[in-house]
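Since the structure comes first, as structure tokens, the remarks are kept for the end.
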Amino acid sequence: MKLSLISILIIVVQLTAADIVIVPQLQDFAIFDQYEQPLSDTEKNRFPPFSPFQVIKRNELMGDQITEAVRLSCQGRTYYLPKKNKSTDKLLLKALVNCSILNDSVLLKKDIKVYTGSTSGTPSFTIKADQQVIRVFRHGNNHYLLTSGQNGRYGWYSGSADVFHAGKTTVKATSARQNDLAGVEQIVKKRIQAVNETYNSIFGYFNQMTNQDKLIPSWTVVTVKSAIQCRLSGSSQVTGQLEQSTRYIVQDIEQSLLGKPYSVSYKSGLIEIGPREN
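In this text, residue positions in the sequence shown follow our numbering: the first is 261, and each later residue adds one.
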């Protein structure tokens, strides 16, 4: 069956459009991680105020087959927000529909004023010219930005997109490729270490309960020239079963490198992180 150009464009729009909820304070919500474990207060405090979450699925049953939840995504990780409570219902009513996900890093040509909470409300803060920002998504003519650095802040910019440097971070990217590879490697190793610890816990428990001694899958990280390679070892049966969770790992690494000039690819048990081509 042939598709018309209009049909193709509609499909493309449907694939790229996203619904976003902005959470003023995550501490006000009971939220669960991808393993359906509740986030502690310490974990919630790691999210800056007004963190954006993409709505992946509005109606989903959690593992107990009783609790109805909304599946969300933030920084490459999956979260579940239980439904049938006033906080969640109120948040979903404020969801921003048909957003365009950008997740790119740009430089500013001049100072801009950014608003928190709403596109034109208060309070506001200023981001100086030549600073690097991450354009998280666009809603209409408004951009949702994240300032760079460990203590990043989210906010709305409603002015002209001409303020964003057309060349983005090409100059800085060259420097990053030369000097930041070791830093990127440490970020990746930290993520992979957490995954391996989870595997050890889950598969170790399985071996104990079944009185078996099956090989526990694990990831190894090596640097080859200017690329970082993460390779999964274990039986082909187990690694195949981990295919879906591996894609979550890839998303997690992508989000942890947000704003850096690196790309992440995955194929058959191998995750590769290398300089992004300009």
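Every residue gets a Cβ at the ideal spot worked out from N, C-alpha and C, and that includes glycine.
- Taken in chain order, the complete alpha helix (DSSP H) segments of 4 or more residues contained in the stretch 476 to 525 are 496 to 501, 503 to 516.
- Taking C-beta separations shorter than 7 Å and ignoring five residues to either side along the sequence, the partners of T407 in its chain run I387, V393, R413, following chain order.
- Secondary structure at D301: helix, using DSSP grouped into helix, strand and coil.
- The shortest CA-to-CA distance from S528 to any of L502, L332, F385 is the one to L502.
- The C-alpha of D279 is placed about 10 Å away from the C-alpha of F397.
- I531 carries a strand assignment under DSSP once its states are collapsed to helix, strand and coil.
- Bridge pairing for G443: absent [DSSP].
- Listed in chain order, the alpha helix (DSSP H) elements of length 4 or more contained wholly in the stretch 316 to 400 are 346 to 353.
- The way I'd put it, the stretch 346 to 361 does touch the stretch 276 to 295; three or more beta-carbon pairs between them come closer than 8 Å.
- A straight-line Cα-Cα distance of about 10 Å links Q453 and I447.
- The three-state secondary structure of A278, taken from DSSP, is strand.
- Taking 7 Å as the cut-off, the beta carbon of E445 is found no closer than this to the beta carbon of Q489.
- Pairing S505 with Q325, the inter-Cα distance amounts to about 20 Å.
- The beta carbon of A487 sits closer than 6 Å to the beta carbons of E532, G534 from its chain, once the five residues preceding and following it are set aside; these are given in chain order.
- Taking a C-beta distance under 7 Å as the contact criterion, V481 and K449 qualify as a contact pair.
- According to the DSSP secondary-structure assignment, N402 is paired through a beta bridge with H399.
- In terms of Cα proximity to V374, the closest of P298, L405, N401, S347 is L405.
- Per DSSP, reduced to three states, the secondary structure at Q314 is strand.
- In this structure, the beta-carbon distance from I372 to Y340 does not fall below 7 Å.
- Collapsing the DSSP output to three states places G412 in coil.
- Contact annotation: P521 and R536 have beta-carbon atoms nearer than 7 Å.
- The C-alpha of D301 lies about 18 Å from the C-alpha of T348.
- Checking the DSSP bridge columns, you'll see V283 partnered with S311.
- A329 is classed as buried because its beta carbon has at least 16 other beta carbons within 10 Å across all chains shown.
- Contact check for D390 and L367: beta-carbon distance about 6 Å, within the 8 Å limit, so the pair qualifies.
- In the three-state scheme derived from DSSP, where H, G and I count as helix and E and B as strand, Y465 is classed as helix.
- When rounded, the separation of the alpha-carbon atoms in I291 and P309 is 15 Å.
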